[in-house]
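Protein chains in written order, with the working numbering: chain W, 647 to 759; chain G, 35 to 147.
Here's what the structure looks like:
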């Protein structure tokens, strides 16, 4: 089945620093790729997604590009804010008719003022 | 717009007790899911329901049962709780089983003593 490997945390950055969270995947077929964010005490929210190779997902200043040749979907943001402090999950859909999500283990990000 | 709601938010059980976690969505989605979240392991799928009247096992179904009561509601039952079931449980829904984007509830934090 599919699997996702995420950069281990926790990650601590100062406000306005550059963020990269690495994500690589293994999958058969043509999965979609996602980044979800979980703020403290809340459920997961979709941050961005890409459905085919070379697609770039973007939202709230975050970006990630679907790289089929390196099986990667790294999350980046040019200038983080304190409000970006959260846990970030990379995920991929399973191949086949049931589009179940397979999640990475999550990366805790803390941004200090 | 409530989205996906879950009850209760917190629960403490003793080993061997039973309980049902409730989930409801008001987005007219066809598919619903139950996940558990454990530290360092991301989210793992317990059961899902592709449409009203159908349910299927996910990655970690042992010790759980589900009921898709109607299109809106999808419950998760622990018949005889065990300490290994201590976790945070999330319900999610999507337009259809082949739709990529899932919307998550706020979660239920369950402790089994």
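A virtual CB, placed ideally from N, CA and C, is assigned to each residue, including glycine.
What would DSSP say about residue i, mapped onto helix, strand or coil?
i: residue 136 of chain G; result: coil
i: residue 757 of chain W; result: strand
i: residue 730 of chain W; result: helix
i: residue 119 of chain G; result: helix
i: residue 86 of chain G; result: coil
i: residue 663 of chain W; result: coil
i: residue 2 of chain G; result: Residue 2 of chain G is absent from the structure shown; chain G starts at 35 and stops at 147.
i: residue 104 of chain G; result: coil
Kindly give me the distance between the Cβ atoms of residue i and residue j, rounded to whole angstroms, as I take these residues to be in contact under 8 Å.
i: residue 648 of chain W; j: residue 682 of chain W; result: Not a contact, Cβ separation roughly 15 Å.
State the Cα-Cα distance for the pair residue i and residue j, rounded to the nearest angstrom.
i: residue 706 of chain W; j: residue 147 of chain G; result: 41 Å
i: residue 725 of chain W; j: residue 660 of chain W; result: 9 Å
i: residue 679 of chain W; j: residue 38 of chain G; result: 22 Å
i: residue 713 of chain W; j: residue 89 of chain G; result: 34 Å
i: residue 666 of chain W; j: residue 103 of chain G; result: 43 Å
i: residue 98 of chain G; j: residue 738 of chain W; result: 24 Å
State the start and end residues of the unbroken beta strand (DSSP E) segment that holds residue i.
i: residue 153 of chain G; result: Beyond the ends of chain G as shown, which are 35 and 147, falls residue 153 of chain G; an answer cannot be given.
i: residue 650 of chain W; result: 649 to 652
i: residue 705 of chain W; result: 702 to 705
So the candidates are the options; which of them puts its Cα closest to the Cα of residue i?
i: residue 48 of chain G; options: G:135, G:139, G:130, G:118; result: G:118
i: residue 44 of chain G; options: G:56, G:103, G:136; result: G:56
i: residue 96 of chain G; options: G:84, G:112, G:86; result: G:112
i: residue 653 of chain W; options: W:729, W:746, W:721, W:675; result: W:721
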